[in-house]
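Residue numbers (the working numbering), protein chains in the order written: chain A, 3 to 341; chain B, 3 to 341.
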């Protein structure tokens, strides 16, 4: 069975997905995983080829002209009208409305398309609505790439730790904050200095508030908490404190006592109560969460397996594409079985 | 479909499995995972009940009398004659011959039983023979518990990182060595002192050579390397150096330069060449492998997901039972699909 994909959003993640699908095509076919990308849409154009879009040329065109195609069909029309099996939604996260990703995903489900996404907005705002609609329509909905980039924390918890009761997850979900705190600790430099440096290196945005105020961490934590504990939290309900008030003296003091400071997202089940929040916290040196640089890490607390921690790069177009690819393969395997 | 299990070996791991199956029975049934343990064998006795062994009483009997049953049927006879679907092999590891586990597993395959095991010996000595026989007979063979206890490194690499090319794995696979090195570094104490302390705490055996000379690490690494890279290495072919010659001065010097020393097992693919070995190595502080205490950790190097590290407790009867349970659930899911 040949699966037909569309890619909606063709920025760095969308191009990363196209690059990986192109690079791995032969290998994936050998694994029995046969596919074709039949359409790509960006915010102002689209390119359709029901016999398979030439991905190399699509990436080249996008890089040279800024748009992927010319055809007069919008992303929503493409999702509705072009026959395909899986819609890959990789438009940028919008934390106010979740749009345009929210409409893309809802339209896909209404039209019988499975969805794989890296877009945090829709899931951090309207989790239950999306998950319920997918279920009602009998469609697959996977979003590993939303949380921690290449780090497969959702599938690890849901699949590999099956049989375990999950008591909580505590993690570092933002590479920019981790980079800033790691540099502040190792070089004993003030926050503003390291932030400028990170901005010059492209690790922090010119408006860093999304990262340093803990919004990004709260989005990921919300998606994780809703998934693992079957909740319907909006990220706006999550208490959060960022890293802007941390000074090098605090980091030095922590270090002298065998600790480091990290921006931590936590969700802990306490009987029927759920504690959830984002805050700078002391982490003992040598603890699996005391990772440096731009790494992400998540410690999963369970009844049998005790504490399992996974660490990986939280960002990067290939890393995100890896998570999307693993979701695509997982859906392909299930569909093969369901037929 | 009700699955019938036998448990072969009823020491701490076997009892842990029985305890977990008992504790989780109702919950697993709700997940559609219905089972019965129809026989348990230890080295000198067995207990059979085709309607389901009472696991609480079996554990109690073993703890009070030292044997699980009285019936005049050996483990091999039970595997052959008692109808069941999955044989859980949890006898102790024997690094010379792999016995009795090797015969148990071969007999199970010859008689059409799927196998889940935590027994490293057979797999580290006769990997290809076992895997080929399982394949030839169309049987499932899972052994996540062999490597790193609760840490699901095999299934993470094979399943969640599907689509990635694996370039190598570098890890800390022995909790005893990690405990000794961590204490030596933090307390600046000599090897012999910390070893005695670990022996008093039950973290190290009275004959510590299996751990401190790197044998246990080599066994786990061999199984991992054979699985990931489709090799047929015996652990006897793995170069290894243990931790007995490390002194606190080396650890202090490393620490002054931002490193710590860990006993590391590595397998790296270099074109067609495979580099494999066990040796003490410098690990940068803040690196995901710089975990302390009795923790295990494995860093998986890939082409897309970059470096993913998983950390967890490498030993413990519930932790090992967690890995076995996850393998059992995985087989149950596949069988449901295959029917």
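Using N, Cα and C, we set each Cβ at its ideal position, and we do this for glycine too.
Would you call the CB atoms of residue i and residue j closer than 9 angstroms?
i, j, result
"residue 290 (chain A)", "residue 321 (chain A)", "no"
"residue 230 (chain B)", "residue 159 (chain B)", "yes"
"residue 70 (chain A)", "residue 89 (chain A)", "no"
"residue 297 (chain A)", "residue 256 (chain A)", "no"
"residue 1 (chain B)", "residue 20 (chain B)", "The question about residue 1 (chain B) has no answer, for chain B in this structure spans 3 to 341."
"residue 48 (chain B)", "residue 73 (chain B)", "yes"
"residue 31 (chain A)", "residue 329 (chain A)", "no"
"residue 149 (chain B)", "residue 222 (chain B)", "yes"
"residue 294 (chain B)", "residue 180 (chain B)", "yes"
"residue 143 (chain B)", "residue 155 (chain B)", "no"
"residue 314 (chain A)", "residue 307 (chain B)", "yes"
"residue 176 (chain A)", "residue 114 (chain A)", "no"
"residue 18 (chain A)", "residue 206 (chain A)", "no"
"residue 161 (chain A)", "residue 161 (chain B)", "yes"
"residue 209 (chain A)", "residue 178 (chain A)", "no"
Which residue's Cα is closest to the Cα of residue i: the options?
i, options, result
"residue 121 (chain A)", "A:114, A:129, A:115", "A:129"
"residue 87 (chain A)", "A:67, A:140, A:95", "A:140"
"residue 288 (chain B)", "B:124, B:5, B:166, B:262", "B:262"
"residue 42 (chain A)", "A:29, A:93, A:338, A:315", "A:93"
"residue 45 (chain B)", "B:79, B:294, B:215", "B:79"
"residue 281 (chain A)", "A:191, A:27, A:174", "A:174"
"residue 55 (chain A)", "A:194, A:81, A:6", "A:6"
"residue 138 (chain A)", "A:277, A:30, A:338, A:108", "A:108"
"residue 57 (chain B)", "B:8, B:82, B:313", "B:8"
"residue 184 (chain B)", "B:245, B:144, B:228, B:142", "B:245"
"residue 305 (chain A)", "B:26, B:17, B:10", "B:26"
"residue 65 (chain B)", "B:240, B:13, B:324", "B:13"
"residue 171 (chain B)", "B:276, B:270, B:61, B:59", "B:270"
"residue 279 (chain B)", "B:241, B:53, B:210", "B:241"
"residue 191 (chain A)", "A:167, A:249, A:98", "A:249"
"residue 254 (chain A)", "A:157, A:187, A:123, A:198", "A:187"
"residue 251 (chain A)", "A:193, A:337, A:299", "A:193"
"residue 276 (chain B)", "B:227, B:236, B:260, B:316", "B:227"
Secondary structure at residue i, three-state DSSP: helix, strand or coil?
i, result
"residue 254 (chain B)", "helix"
"residue 286 (chain A)", "strand"
"residue 113 (chain A)", "coil"
"residue 16 (chain B)", "helix"
"residue 216 (chain B)", "coil"
"residue 186 (chain A)", "helix"
"residue 268 (chain B)", "strand"
"residue 277 (chain B)", "strand"
"residue 67 (chain B)", "helix"
"residue 176 (chain A)", "coil"
"residue 322 (chain B)", "helix"
"residue 224 (chain B)", "helix"
"residue 191 (chain A)", "coil"
"residue 152 (chain A)", "coil"
"residue 75 (chain A)", "coil"
"residue 204 (chain A)", "coil"
"residue 136 (chain A)", "helix"
"residue 170 (chain B)", "strand"
"residue 229 (chain A)", "helix"
"residue 100 (chain B)", "coil"
"residue 123 (chain B)", "helix"
Are the C-beta atoms of residue i and some chain A residue less than 9 angstroms apart?
i, result
"residue 287 (chain B)", "yes"
"residue 189 (chain B)", "no"
"residue 293 (chain B)", "yes"
"residue 88 (chain B)", "no"
"residue 176 (chain B)", "no"
"residue 157 (chain B)", "yes"
"residue 315 (chain B)", "yes"
"residue 361 (chain B)", "Absent from the model: residue 361 (chain B). The displayed extent of chain B is 3 to 341, so no value can be given."
"residue 263 (chain B)", "no"
"residue 125 (chain B)", "no"
"residue 166 (chain B)", "yes"
Distance cutoff 9 angstroms, beta carbons only. Does residue i sit that close to anything in chain B?
i, result
"residue 161 (chain A)", "yes"
"residue 32 (chain A)", "no"
"residue 109 (chain A)", "no"
"residue 171 (chain A)", "no"
"residue 256 (chain A)", "no"
"residue 253 (chain A)", "no"
Problem - Residues of the region 135-153 of chain A whose Cβ lies closer than 7 angstroms to any Cβ of chain B, in chain order - result: Residues of the region 135-153 of chain A whose Cβ lies closer than 7 angstroms to any Cβ of chain B, in chain order: 152, 153.
Handout entry: Contacting positions in the region 315-329 of chain A - beta carbon closer than 8 angstroms to chain B
Key = Look at the region 315-329 of chain A: the residues with a C-beta under 8 angstroms from a C-beta of chain B are 315, 318, 320, 321, 323, 324, 325, 327, 328.
Exercise for the section: Determine which residues of the region 4-29 of chain A have a Cβ less than 7 angstroms from any Cβ of chain B, and write them out in chain order. Expected result: Those residues of the region 4-29 of chain A that come within reach of chain B (Cβ to Cβ, closer than 7 angstroms) are 22, 26.
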